[in-house]
Structure formats: C-alpha cells, structure tokens
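The structure appears right after this line, and notes come after that.
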Amino acid sequence: MRSVQILGTGQLLELQRRLRAAGHENVRSSMQRRVRRAAEPLKNNMQNTIRSLAITSQQRRAGSRGGPSPTTRPLRALIAEAVKISVRTSSQVGARVWLDRASLPTDLRGMPAALNSGRVRHPVFGNRRRWVQQNTTPLWWDRVVRTHTPRMQAEVARVLDDVRNRLT
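This note's numbering numbers the first residue of the sequence shown as 6 and each following residue consecutively.
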C-alpha cells in the first residue's frame, strides 16, 4: 500500500524560496492551510471507505459453532483513525495522505495491506491449528486514490497560482 503525495517539487520549492525571501509568513501559512484543505476530502473518503468495507468469510460447516468476537477492538475504526495528512513546506514540499502504521496495535500493523490485497487469512480465535480466510474488495485504497488525484492536483495548482499572483 502506498501513500498519496501531491508534489510539484520544482514549482513549490521555488515558490517557497520566494515566500521566505519576501517574508510573507501569512501567505505561507495560508498556502499550507489550503493545500491541507485540498487533501481533506481524500482523507475523509478513505476513512469512510475503510469503515464501510465489507469483509466476508467462508460459510461455516453444518454443526460448527460460532459466536461473538473475543476482542473488543473495532478493526475498521482503528485502521480509519490511522489515516493521516501531512503538509510540508521545507524539503519534499507538498501534501501527503498516508496510513500511520505506528498508531496501530503491533498485531494489526500488517492488516491495512492485507485488507487492500482482498484476502485476510488468520487463525480462528487465536487457535493456530485452525485457519480461516476472509475476503474484501481488493485494491480499495488504490481505487479511492485514483478518484481523488485529479481534483487534488488541480486544487494544488490553483493554490500555487493564487500565491504566485499575490507575490507579484
């Protein structure tokens, strides 16, 4: 799974140099805020997609027992909360929407990639002698990113044009 980055490295770096030279701190903070605002819909859509992601399992055999999950951790909500936005104006200028695996419990750090693959295989209630496979929509992360990328690129270009016009 990869993070989403909107970078116009050359334009943004040159603009950043000009902002520093001109001493326009309020223009720079406004630019950061607008770039972050351009990335917010992607973050929100990503979180909503994760929360509503359908996870199906194989049918149980006749006579097999089921029951509630032994854990109280809401898997989808934990993963949705790990989606973050970062906006940089120093080195690697741009906006980045990413999944912070460090904010997940250690045993779930590989789960976002497994969910994106469309197949999650795990032991039944921790019993390593019995395994089950659960399926979900493959490549959901990539699909959401593809739908938002053109809008984000256009919005960042608009922000750059506005800032450039304010400086001249």
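Even glycine gets a Cβ: it sits at the ideal position worked out from N, Cα and C.
Given this structure, state the Cα-to-Cα distance separating Arg101 from Pro79, to the nearest angstrom.
About 26 Å.
For Ala87, I'd like the list of residues in its chain whose CB is within less than 6 Å of its CB, leaving aside the five on either flank, ordered along the chain.
Within the same chain, Ala87 has close Cβ partners Leu104, Asp105, Ser108, Leu109.
How about Trp136 and Met51: do their beta carbons lie closer than 9 Å?
Not in contact: Trp136 and Met51 (Cβ atoms no closer than 9 Å).
Given a threshold of 16 other Cβ atoms within 10 Å of its Cβ, counted over all protein chains shown, does Pro143 qualify as buried or as exposed?
Its Cβ having fewer than 16 others within 10 Å, Pro143 is exposed.
Among the residues of its own chain, which have a CB less than 8 Å from the CB of Gln138, if the five just before and after it don't count?
Here the set comprises Ser62, Gln63, Arg124, Val125, Arg126.
If you check the beta carbons only, do Asn140 and Ile60 fall under 9 Å apart?
A contact, by the Cβ cut-off of 9 Å.
Sequence-distant residues of the same chain with beta carbon closer than 8 Å to Val32, five excluded per side:
If we look at Val32 and ignore the five residues flanking it on each side, its Cβ neighbours are Leu24, Val168, Arg171, Leu172.
Can you look up Pro143 in the DSSP assignment and give me helix, strand or coil?
Here Pro143 sits in coil by DSSP.
Cβ atoms of Gly99 and Val150: under 9 Å apart, would you say?
In this structure, Val150 lies away from Gly99, with their beta-carbon atoms at least 9 Å apart.
One or two residues paired with Pro128 in a DSSP bridge
According to the DSSP secondary-structure assignment, Pro128 is paired through a beta bridge with Trp136.
Straight-line Cα distance separating Ser122 from Phe130:
Their backbone Cα atoms lie some 22 Å apart in a straight line.
Going by beta-carbon coordinates alone, are Arg41 and Ile90 separated by less than 9 Å?
For Arg41 and Ile90, yes; Cβs fall inside 9 Å.
Just curious, the beta strand (DSSP E) that Arg93 is in, first and last residue?
From DSSP, the beta strand (DSSP E) with Arg93 extends over 88 to 93.
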